[in-house]
Amino acid sequence: MSLPNTIIAGIGFTGRSAGAVKALRGFRKGHHSVPELANETTSAFLGKICAAELDEQAETLFQRVRAGLGYKRREISLELASPMAVLAAKDFTFEISYALETADPARFLVTRLMHSLRSGELAQTEDFAAIFAAMFSEITFGLKKGARVEAVIDAIEALDETAGLAVNYPADCRECIIGVAGVDAQVRCTGATLDIVFPRAGSPRELIAGFAAVRGAFAVSRELSRLLE
């Protein structure tokens, strides 16, 4: 199922990885201490010691995107301000950011985020899929009009079993988890976003296919289908 570019533009792709702070190249054993808290000071420290990894990752991606998609100098740029890098291309924006894990400041989390994708056709190409293969595990769609989580729950619970949709939620209904037959992913509605979390990382093309399947399943209910317009 193809998706309109207006919907593609509202989608964000997220991938995450983690590691030990002391494994970063900028960490000097015997001179530096592993953070015990995540705060402004330790975050600034992380920004200094992760600079080599961030620069290498961002430059590698810049070259792969530039060559793989045939961009000219004016069509792509890279801004580095550790612990974050922003690659701005004519067809999308890609961000890489490092942060300390709040629950375990001895470890860091790397988040890769692609957003503002202008063309669904570009995301379907082999070149695009090859550049971003196995990079993302989550797709987020911002609900333009928002939604009451209770209304989403009620709409699904009103359907019969043949609809292929099931829903679970906490007592306060702050969010709900939707099961979609044939889609191997966790679908979460927060009222502001619809997030689809996949068990394995994939390319934007693969995640878009999963999103399209969810959108198709939601077509059984006018209340649900309006969320993804």
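Numbering of the sequence shown is given in my numbering, commencing with residue 4 and proceeding in unit increments. We put the beta carbon where it would ideally sit given N, CA and C, even for glycine.
Looking at C-alpha atoms only, which residue of the options is the closest neighbour of residue i?
i: Val24; options: Ala47, Gly18, Gly15 and Ser5; result: Ala47
i: Ala126; options: Pro207, Glu82 and Glu226; result: Pro207
i: Leu40; options: Ala174, Pro108, Arg225 and Ile142; result: Pro108
i: Thr9; options: Ala54, Lys147 and Asp157; result: Lys147
i: Arg76; options: Ala91, Ser85 and Ala84; result: Ala91
i: Gly15; options: Thr63, Leu227 and Ile199; result: Ile199
i: Gln66; options: Ile79, Val183 and Ala188; result: Ile79
i: Lys51; options: Arg28, Ala70 and Val68; result: Arg28
i: Arg203; options: Gly13, Leu6 and Thr17; result: Thr17
i: Arg218; options: Pro86, Leu168, Pro173 and Asp94; result: Leu168
i: Gly182; options: Ser85, Phe221, Tyr74 and Cys176; result: Phe221
i: Met87; options: Ala106, Glu59, Thr105 and Phe95; result: Glu59
i: Leu83; options: Asp163, Gly205, Thr105 and Cys53; result: Cys53
i: Pro7; options: Ala212, Val223 and Leu227; result: Ala212
i: Asp163; options: Phe95, Val223 and Thr63; result: Val223
i: Phe131; options: Phe144, Phe95 and Thr105; result: Phe95
Short check: CB of residue i to CB of residue j, under 8 Å?
i: Ile159; j: Val170; result: yes
i: Leu210; j: Phe139; result: yes
i: Val113; j: Arg19; result: yes
i: Ala55; j: Leu81; result: no
i: Glu1; j: Leu116; result: The structure shown does not extend to residue 1, since the chain spans only 4 to 232, so no value can be given for it.
i: Ala21; j: Phe111; result: yes
i: Cys179; j: Ile156; result: yes
i: Ser5; j: Gly123; result: yes
i: Leu64; j: Ser85; result: no
i: Leu103; j: Thr45; result: yes
Would you kindly work out how many angstroms separate the C-alpha atoms of residue i and residue j, rounded to a whole number?
i: Leu72; j: Asn42; result: 39 Å
i: Ala195; j: Ala150; result: 7 Å
i: Glu232; j: Arg31; result: 51 Å
i: Phe201; j: Asp187; result: 7 Å
i: Val37; j: Leu49; result: 10 Å
i: Ala12; j: Leu120; result: 5 Å
i: Thr165; j: Ala215; result: 19 Å
i: Ser100; j: His35; result: 22 Å
i: Gln189; j: Tyr74; result: 35 Å
i: Lys93; j: Val68; result: 11 Å
i: Phe135; j: Gly205; result: 8 Å
i: Thr288; j: Gly33; result: Only positions 4 to 232 of the chain appear in the structure, and residue 288 is not among them; the question remains open.
i: Ala133; j: Ala70; result: 12 Å
i: Ser228; j: Ala161; result: 14 Å
i: Leu230; j: Arg191; result: 13 Å
i: Val3; j: Thr105; result: The displayed coordinates of the chain run from 4 to 232. Any statement about residue 3 would go beyond what the structure contains.
i: Ala137; j: Cys176; result: 33 Å
Where does residue i fall in DSSP's three states?
i: Phe201; result: strand
i: Thr193; result: coil
i: Phe221; result: helix
i: Phe95; result: strand
i: Gly50; result: helix
i: Glu178; result: coil
i: Val183; result: strand
i: Leu168; result: strand
Which one or two residues does DSSP pair with residue i in a beta bridge?
i: Gly73; result: The partner list for Gly73 (beta bridge, DSSP) is empty, contrary to what the question assumes.
i: Leu231; result: Looking at the DSSP assignment, Leu231 forms no beta bridge with any residue, so it has no partner.
i: Phe16; result: Met117 and Ile142
i: Lys32; result: His35
i: Ala23; result: Arg110
i: Ala102; result: Leu112
i: Ile79; result: Ala92
Is there a Cβ from chain B that is less than 8 Å from the Cβ of residue i?
i: Ser100; result: Absence of chain B from the displayed structure is noted, only one protein chain being present.
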